[in-house]
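Numbering (our numbering), first residue to last: 6 to 154.
Beta carbons: idealized from backbone N, C-alpha and C, even for Gly.
All of these numbers come straight from a predicted model, not from anything done at the bench.
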């Protein structure tokens, strides 16, 4: 049965939210199943590529390594726009990522403003991320106290 444009947009929004939730849970092996087998994940900061990952296994290992010292990670997805053409789509999604970690016996809160530019493909009845470019636009890092958490 052919999906409507609205149904596809709902599925794409649920896809990006599910990827974020699994990242927050640090369930990276399940998270990368929402990417194509040879997906590309590129992270940029200050206009420069700081990380480029290709393939599910490499992504899962890199995500785990990046967050290994983070006690809590929380993605808050905001506005998103999708353009769908058949079994392919593109999307722009805004996200705030907050990470709390311990550094030298101090709780540190790091908040990053990210814009994701994605390319999606439909495999059967499921949308998957085939390419994700994350632009880390700004970062705010400071010591926090438990009453602020």
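Endpoints, beta strand (DSSP E) assigned at residue i
| i | result |
| --- | --- |
| residue 36 | Not the beta strand (DSSP E): residue 36 falls in the alpha helix (DSSP H), residues 33 to 36. |
| residue 124 | 111 to 128 |
Range covered by the alpha helix (DSSP H) that runs through residue i
| i | result |
| --- | --- |
| residue 103 | First-last for residue 103: 93 to 108, but that is the beta strand (DSSP E), not the alpha helix (DSSP H). |
Same chain, Cβ closer than 6 Å to residue i, five either side skipped, listed in chain order
| i | result |
| --- | --- |
| residue 124 | 95, 135 and 136 |
| residue 77 | 105 |
| residue 122 | 97 and 138 |
| residue 86 | 97 |
| residue 59 | 45 |
| residue 65 | 33, 34 and 37 |
Three-way DSSP call (helix, strand, coil) for residue i in this model
| i | result |
| --- | --- |
| residue 88 | strand |
| residue 11 | helix |
Status (buried if at least 16 other CB within 10 Å, exposed otherwise) for residue i
| i | result |
| --- | --- |
| residue 84 | exposed |
| residue 139 | buried |
| residue 69 | exposed |
| residue 17 | buried |
| residue 56 | exposed |
| residue 102 | buried |
| residue 81 | exposed |
| residue 143 | exposed |
Beta carbon proximity, residue i to chain B, threshold 7 Å
| i | result |
| --- | --- |
| residue 18 | Absent from the structure: chain B. Only one protein chain is present. |
Spatial neighbours of residue i in its chain, beta-carbon cut-off 8 Å, leaving aside the 5 residues before and after
| i | result |
| --- | --- |
| residue 147 | 113 and 114 |
| residue 111 | 148 |
Neighbourhood of residue i by C-beta, 7 Å cutoff - its chain only, sequence neighbours within 5 removed
| i | result |
| --- | --- |
| residue 10 | 89 |
| residue 126 | 41, 92, 93, 133 and 135 |
At 3 residues or longer, and completely inside the segment 20 to 81: list those beta strand (DSSP E) runs for me, N to C. Runs found: 40 to 50 and 53 to 59.
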